[in-house]
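Chains as they are written, first to last, in our numbering: chain Y, 156 to 282; chain W, 1341 to 1530.
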Amino acid sequence: MEENIQKAIQQQLIRKAPAGLSNRVMDEVFRLATAKPYQPIISKTMWWIIGAVAALFTALLLFLPQQTTNISGETGMVSDFVQRLDSLDFSWLTVPGNVNLLVISAVSLAIFLLLFFDTYLFRKSLK
Amino acid sequence: MIDRDDTYYLNLVLSGDTAAFSYLVERYSDMVYSLVLKMLKNETDAEDLTQEIFISVYKSLDKFRGNSKFSTWIYRITYNKAISKLRKSNRIVLSEVEKAADMEDYDEEAQHAPASTDEQLQQLEAALQALPDDEQVLIMLYYYENESVEAIASITKLSESNVKVKLFRIRKKLKEVLERQNSITMPVIH
């Protein structure tokens, strides 16, 4: 009985795939297999590390014991945060002080664009 | 050539033997094409989508966890891709009303069914053709590919009870046809 149904299905419902379909599929599969996937400059792990460092830095600023006195009238987390930022020693940042502001902006923009296209190309390669 | 199971070829592909994928393509291309053609009703679209499905299967091979049969997994991808293609083109998936009318016409014609084996088969084929498209897909998966009710439910996203009901209805329709000929009973759906 089942044999009859299978025979009928075979006759009426099952169609032979078009000739050459397998070859076309395999051509594409081989192309995919040999294509080198684009690798992002900054890996996923590195992004996690950068994120963790940024979060740690922010947490330290917020929760380390306060070393400066409150400016009268200013209260709350924002003012604490600003005061803690003031108390930090950023003198090392003055090293590239002689560099033109325009150069710094250009370099920042270049890094931003690089990261943007890096992510864009990586996502495109995944599709 | 030794007929090995899908897992064998799957492991070969995953270990870097890309050519082994051709065995899986050969094994499933007719069924995938037939299912897609049944749903899209256009040969060119069906061919393009079948190719797309196999590429998609290749790209996601590493995501196949082996919780279901490989065939179930590939038919699930097939069904989903065909449904989204139909949705994109705003075409109606099923035409039950239209087919139900055909079935009624068929029933009348089948009243005086001949009893020879070839003609029995012809009657059965005609009965299959008269089924609505969704039921044809179900019967292809159940009787031809031997997929379980649970597997068919996961492929079509229907509930198991719904699949059972639909299979029961199909069985009943076909049984009516066959009973008119030789009073043969159909297998029970578990």
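C-beta: ideal position from N, C-alpha, C; glycine also.
For the alpha helix (DSSP H) holding residue i, just list the boundary residues, first then last.
| i | result |
| --- | --- |
| leucine 1507 of chain W | 1500 to 1519 |
| lysine 1409 of chain W | Segment: none, lysine 1409 of chain W is in no alpha helix (DSSP H) and carries neither H nor E. |
| isoleucine 197 of chain Y | Where isoleucine 197 of chain Y is concerned, there is no enclosing alpha helix (DSSP H), given that its DSSP letter is neither H nor E. |
| alanine 1491 of chain W | 1489 to 1496 |
| asparagine 159 of chain Y | 157 to 167 |
| threonine 1390 of chain W | 1383 to 1399 |
| methionine 1480 of chain W | No alpha helix (DSSP H) contains methionine 1480 of chain W, which DSSP labels as neither H nor E. |
| threonine 1358 of chain W | No alpha helix (DSSP H) holds threonine 1358 of chain W; DSSP gives it neither H nor E. |
| arginine 179 of chain Y | 176 to 189 |
| leucine 1354 of chain W | 1346 to 1354 |
CA-CA distance, residue i and residue j?
| i | j | result |
| --- | --- | --- |
| arginine 240 of chain Y | leucine 211 of chain Y | Note that residue 240 of chain Y is leucine in the sequence shown here, rather than arginine. In a straight line, the C-alpha of leucine 240 of chain Y is about 14 Å away from that of leucine 211 of chain Y. |
| isoleucine 259 of chain Y | alanine 265 of chain Y | 10 Å |
| phenylalanine 236 of chain Y | threonine 200 of chain Y | 29 Å |
| lysine 1534 of chain W | alanine 1467 of chain W | Here chain W has residues from 1341 to 1530 only, and residue 1534 of chain W is not among them. |
| valine 180 of chain Y | serine 1396 of chain W | 10 Å |
| valine 208 of chain Y | isoleucine 197 of chain Y | 15 Å |
| leucine 1481 of chain W | asparagine 1382 of chain W | 20 Å |
| threonine 189 of chain Y | alanine 1359 of chain W | 12 Å |
| glutamate 1366 of chain W | threonine 1390 of chain W | 12 Å |
| leucine 1364 of chain W | glutamate 1519 of chain W | 39 Å |
| glutamine 1469 of chain W | serine 1408 of chain W | 30 Å |
| threonine 1496 of chain W | glutamine 1460 of chain W | 30 Å |
| alanine 1491 of chain W | isoleucine 160 of chain Y | 20 Å |
Using a Cβ cut-off of 8 Å, pull out every chain Y residue sitting near residue i, in sequence order please.
| i | result |
| --- | --- |
| serine 1355 of chain W | In chain order: nothing, as chain Y lies at least about 12 Å away. |
| lysine 1378 of chain W | Leu168 |
Name the chain Y residues that come within less than 9 Å of residue i, Cβ to Cβ?
| i | result |
| --- | --- |
| aspartate 1474 of chain W | Going along chain Y, no residue has its Cβ under 9 Å from aspartate 1474 of chain W, so there is no contact; the nearest lies around 13 Å. |
Under a Cβ-count criterion, where at least 16 other Cβ atoms within 10 Å of its own Cβ denotes burial, should residue i be classed as buried or exposed?
| i | result |
| --- | --- |
| tyrosine 1348 of chain W | exposed |
| serine 1411 of chain W | buried |
| alanine 1422 of chain W | buried |
| leucine 1471 of chain W | buried |
| phenylalanine 272 of chain Y | exposed |
| lysine 1506 of chain W | buried |
| serine 1494 of chain W | buried |
| leucine 168 of chain Y | buried |
Among the candidates the options, whose CA atom is the shortest distance from the CA of residue i?
| i | options | result |
| --- | --- | --- |
| tyrosine 1368 of chain W | W:Glu1500, W:Glu1383, W:Ser1400, W:Trp1413 | W:Trp1413 |
| leucine 187 of chain Y | W:Met1379, W:Asp1346, W:Glu1387, W:Ser1400 | W:Ser1400 |
| threonine 1384 of chain W | Y:Val184, Y:Ser234, Y:Ala174 | Y:Ala174 |
| serine 1355 of chain W | W:Tyr1398, W:Asn1486, W:Gln1460 | W:Tyr1398 |
| phenylalanine 1404 of chain W | W:Ser1424, W:Val1353, W:Asn1502 | W:Val1353 |
| aspartate 1474 of chain W | W:Glu1465, W:Leu1461, W:Glu1490, W:Asn1502 | W:Asn1502 |
| leucine 1375 of chain W | Y:Lys171, Y:Asn178, Y:Glu158 | Y:Lys171 |
| leucine 1426 of chain W | W:Phe1508, W:Met1379, W:Tyr1484, W:Glu1465 | W:Met1379 |
| serine 100 of chain Y | W:Leu1350, W:Glu1392, W:Asn1351 | A question about residue 100 of chain Y goes unanswered here, because the residues of chain Y that appear run from 156 up to 282. |
At 9 Å on the CB atoms, spell out the chain W contacts of residue i, in chain order.
| i | result |
| --- | --- |
| isoleucine 160 of chain Y | Leu1464, Leu1468, Ile1479, Tyr1483, Tyr1484, Leu1514, Met1526, Pro1527 |
| leucine 176 of chain Y | Val1365, Ser1369, Tyr1373, Glu1387, Thr1390, Gln1391, Phe1394 |
Under 7 Å between beta-carbons, which chain W residues line up against residue i? List them in chain order, please.
| i | result |
| --- | --- |
| lysine 279 of chain Y | Under the 7 Å cutoff, chain W gives no residues; its nearest Cβ is about 15 Å from lysine 279 of chain Y. |
| alanine 172 of chain Y | Ser1369, Asp1370, Tyr1373, Thr1390 |
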